[in-house]
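Colleague: Have a look at this one.
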């Protein structure tokens with residue numbers, strides 16, 4: 264008997280068979296009309312997910328490459344940036360800024376909480392020279408969704424741009440790039456997009472695009488101006504990751520088939536709610552005060568060995584993610600994004616309950 | 264009847280069925296022993312292809328990302344670099360250096376020829392402060408193989424490092440990183456490696472690794488020191504392109520099965536020789552004076568429309584690459600790398616002969 268296996272991690276997430284099959288067709292060349300038509304369709308479909316009229320540029324890189332692109336294309340050495348640090352990915356923005364000589368004004372918040380819009384407002388008033396504010400939509404490490412809309416209202420009144428890492432949130436948590444005043448929005452392939460890791464996405468508002476012309480940080484491979492010039496023709500400056508883009512087209516068409524991005528996000532909301540309720544019913548506690556619809560972080564109960572719990576579940580075919588950074592061992596995370604089904608979640612939660620019981624008996 | 268299709272371009276090149284199948288298996292997480300074992304095996308196998316004892320770092324990027332990594336990890340602003348410009352990819356090295364404030368001393372050579380080792384020697388004597396020499400193994404745009412070994416002998420006597428873009432040449436043209444004194448060697452996935460685009464490879468000698476510690480150019484995503492620290496454990500700093508790495512493991516095992524890298528390179532030599540002979544027998548002329556075993560550049564005969572010729576062949580299922588940059592329209596290129604078989608080449612050359620005849624009759 265084949266054991267059912269559930270990969271419930273916030274990237275990589277499972278790939279639907281249809282997407283796998285699309286990627287397994289004989290490869291085509293990228294400088295052909297056939298490929299350009301695919302790339303153009305992908306740009307148009309991604310705009311719907313980002314809820315933007317701006318082009319969505321596709322890079323061959325992990326999400327970190329897109330985070331770096333958002334910095335080196337919009338800032339100059341010595342610029343000041345306000346960075347919300349509420350988890351590992353907020354910290355990463357700060358690290359990349361520092362690597363490029365951008366001064367970081369950190370807003371450090373308790374992990375598992377989100378930044379108060381008032382705090383961002385105060386930071387902007389205290390640092391009127393700040394050129395950008397960096398936040399997450401979903402801080403993957405704490406499974407927390409941030410109030411991007413409210414922060415967008417505040418940043419929009421200043422000269423600063425709002426950069427939002429929506430890598431793990433897009434498609435699962437509500438997101439409206441244009442309406443919320445997000446200037447740079449980032450996505451990644453191995454999340455709700457249901458394709459393997461290897462692609463990242465960057466969309467720039469007009470305000471951000473103007474910044475790219477003044478920014479003097481050095482860049483070449485991820486020089487977004489080069490991508491922007493070609494994207495509407497379905498072209499890219501360097502050889503794209505052809506098979507992943509072809510898989511993405513298929514996945515985006517599946518997303519459209521679930522009632523578009525709104526239907527897709529709504530399904531994630533239901534699954535997330537189901538997971539949260541089940542966790543609480545089991546007597547466990549949620550880690551995040553503002554839980555994301557992409558992933559749920561659960562506190563490891565007192566007296567339980569978090570690593571042993573994850574290992575025991577792995578033996579049963581269930582892969583959860585552990586905690587990262589300072590909360591390693593203190594939480595585990597259950598992803599409910601993309602192709603992860605409600606049936607998968609039910610199966611995994613049953614196994615979790617069973618395993619917790621076994622661990623107590625020891 | 265299904266029309267036989269031959270993709271004979273120097274990247275992407277065809278993907279074997281076995282590799283496609285390996286990539287289409289359910290995705291696994293990268294922070295697991297299962298994946299780490301694969302990544303470790305890939306590092307060991309890549310060392311054999313590069314002929315090096317150094318680790319081979321795998322980045323999620325096109326080859327251009329690896330070219331950028333070779334610069335930002337070894338040089339500092341204001342440094343001088345000698346760059347051989349004998350085609351589009353030599354020009355690219357110079358462009359990236361300039362983007363990062365590295366002074367370029369160009370060695371401009373006629374396209375289709377290679378740099379004379381004596382010329383590199385003179386440039387190094389005239390520019391004793393030069394920190395690096397940048398060359399290609401195979402300059403893809405002109406299908407020319409450079410005398411890397413002889414240049415390595417010269418650069419090895421100086422403090423400069425030798426950076427070799429072996430992206431299109433590796434696996435097809437002879438290459439011996441350690442024996443030839445290459446300090447930074449670059450590879451790319453969509454060439455003789457028989458997998459889709461999306462991965463690039465970088466190996467650093469001890470001399471180059473020392474440079475990374477002194478280099479002050481800013482970097483984060485492609486900071487090779489971060490990769491080097493993790494590679495022997497099968498880990499990587501950011502989420503790797505998991506499916507491509509899994510495909511690569513399969514492809515590397517196929518390469519090993521062809522008598523190892525020497526057998527694999529020898530097969531490319533035979534196929535390249537066959538293509539060159541057939542081209543000359545057809546009354547056509549080779550473009551390059553030192554033709555590579557990865558790809559052959561053919562001069563478009565006088566009175567023939569190069570673009571129309573390529574388009575007519577495309578209609579018949581044969582995809583050749585055109586010329587790039589200043590030789591666009593003047594040449595076409597036939598790749599014979601990786602999974603391209605002698606049978607494919609025979610078929611394509613027959614169609615080429617037929618199409619040239621048809622074009623003359625018009």
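Chains as they are written, first to last, in our numbering: chain A, 264 to 625; chain B, 264 to 625. Here a beta-carbon is modelled for each residue, glycine too, at the ideal position from N, C-alpha and C.
For residue 277/A, name the three-state secondary structure that DSSP assigns.
Modeller: Looking at residue 277/A - three-state DSSP - the assignment turns out to be coil, as it is neither helix nor strand.
Colleague: What does DSSP give as the partner residues of residue 399/B in its beta bridges?
Modeller: 428/B
Colleague: Taking residue 325/A as the query, report the chain B residues whose CB atoms sit under 7 Å from its CB, ordered along the chain.
Modeller: 323, 501 and 502
Colleague: Please list the terminal residues of the continuous beta strand (DSSP E) segment that includes residue 366/A.
Modeller: 366-371
Colleague: Residue 300/A by DSSP, collapsed to three states: which one?
Modeller: helix
Colleague: Give me whichever residues DSSP pairs with residue 323/B in a beta bridge.
Modeller: Looking at the DSSP output, residue 323/B sits in a beta bridge with 462/B.
Colleague: Locate the beta strand (DSSP E) running through residue 448/B, then write down its first and last residues.
Modeller: 447-451
Colleague: Find the residues of chain B that neighbour residue 482/A, judging by a C-beta separation of less than 8 Å, and give them in chain order.
Modeller: 362
Colleague: Kindly list the residues whose CB is nearer than 8 Å to the CB of residue 477/A, restricted to its own chain and excluding five residues on each side of it in sequence; keep chain order.
Modeller: 339
Colleague: Could I get the ranges of all uninterrupted alpha helix (DSSP H) runs contained in the region 513-540 of chain B, with 4 residues as the minimum, in chain order?
Modeller: none
Colleague: Could you tell me how far apart the beta carbons of residue 377/A and residue 349/A are, in whole angstroms, since I believe they sit closer than 8 Å?
Modeller: 7 Å
Colleague: Thinking C-alpha only, which one of 536/A, 566/A and 310/A is nearest residue 605/A?
Modeller: Nearest to residue 605/A by alpha-carbon distance, out of 536/A, 566/A and 310/A, is 536/A.
Colleague: Distance check for residue 462/B and residue 429/B, CA to CA, integer angstroms please.
Modeller: 14 Å
Colleague: Give the single residue among 294/B, 332/B and 361/B whose Cα lies nearest to the Cα of residue 341/B.
Modeller: Shortest Cα-Cα distance from residue 341/B to any of 294/B, 332/B and 361/B involves 361/B.
Colleague: DSSP state of residue 494/B, grouped into three classes?
Modeller: helix
Colleague: I need the boundaries of the alpha helix (DSSP H) containing residue 359/A, first residue and last residue.
Modeller: 351-362
Colleague: Whole angstroms are fine: how far does the CA of residue 352/B sit from the CA of residue 404/B?
Modeller: 7 Å
Colleague: Please report the distance separating the alpha-carbon of residue 470/A from that of residue 424/A.
Modeller: 7 Å
Colleague: Could you check where the beta strand (DSSP E) with residue 561/B kicks off and where it finishes?
Modeller: 558-562
Colleague: Go through its chain and collect everything with a Cβ distance to residue 274/B's Cβ below 6 Å, but skip five positions before and after it.
Modeller: 453 and 454
Colleague: Answer with yes or no whether the minimum CB distance from residue 414/B to chain A is below 8 Å.
Modeller: Closer than 8 Å to the CB of residue 414/B there is not a single CB belonging to chain A.
Colleague: Cα separation between residue 393/B and residue 385/B?
Modeller: 12 Å
Colleague: Please list, in chain order, all residues of the same chain as residue 367/A whose beta carbon is under 7 Å from its beta carbon, the five residues on each side excluded.
Modeller: 344, 346, 357, 360 and 361
Colleague: If you check the beta carbons only, do residue 456/B and residue 434/B fall under 8 Å apart?
Modeller: yes
Colleague: For residue 491/B, which of 302/B, 297/B and 582/B has the nearest alpha-carbon?
Modeller: 302/B
Colleague: Between 555/B, 497/B, 427/B and 483/B, which has its C-alpha nearest residue 466/B's C-alpha?
Modeller: 427/B
Colleague: Put residue 595/B into one of helix, strand or coil per three-state DSSP.
Modeller: strand
Colleague: How close, in whole Å, do the beta carbons of residue 713/A and residue 459/B come, if the pair is a contact with beta carbons under 8 Å?
Modeller: Shown here, chain A extends from 264 to 625; a query on residue 713/A therefore has no answer.
Colleague: With respect to the beta strand (DSSP E) encompassing residue 343/B, which residues constitute its N-terminal and C-terminal limits?
Modeller: 343-348
Colleague: State yes or no: is the beta carbon of residue 338/B nearer than 8 Å to at least one beta carbon in chain A?
Modeller: no
Colleague: Among the residues of its own chain, which have a CB less than 6 Å from the CB of residue 364/A, if the five just before and after it don't count?
Modeller: If the five residues before and after residue 364/A are omitted, its C-beta is found closer than 6 Å to the C-beta atoms of 340, all from its own chain and listed in chain order.
Colleague: Along the region 448-472 of chain A, where does the CB come closer than 7 Å to a CB of chain B? Name the residues.
Modeller: 453, 459, 460 and 461
Colleague: Would you say residue 281/B touches the ligand ATP, meaning its beta carbon is less than 7 Å from a heavy atom?
Modeller: Inclusion of the ligand ATP in the displayed structure is not the case, the ligand content being empty and no account of it being possible.
Colleague: Decide if the region 599-614 of chain A is in contact with the region 515-534 of chain A; the criterion is three or more beta carbon pairs, one per stretch, under 8 Å apart.
Modeller: Touching, yes.
Colleague: Can you grab the Cα-Cα spacing for the pair residue 306/B / residue 293/B, in whole Å?
Modeller: 15 Å
Colleague: For residue 600/A and chain B, any beta-carbon pair shorter than 8 Å?
Modeller: The beta-carbon of residue 600/A is placed no less than 8 Å from the nearest beta-carbon of chain B.
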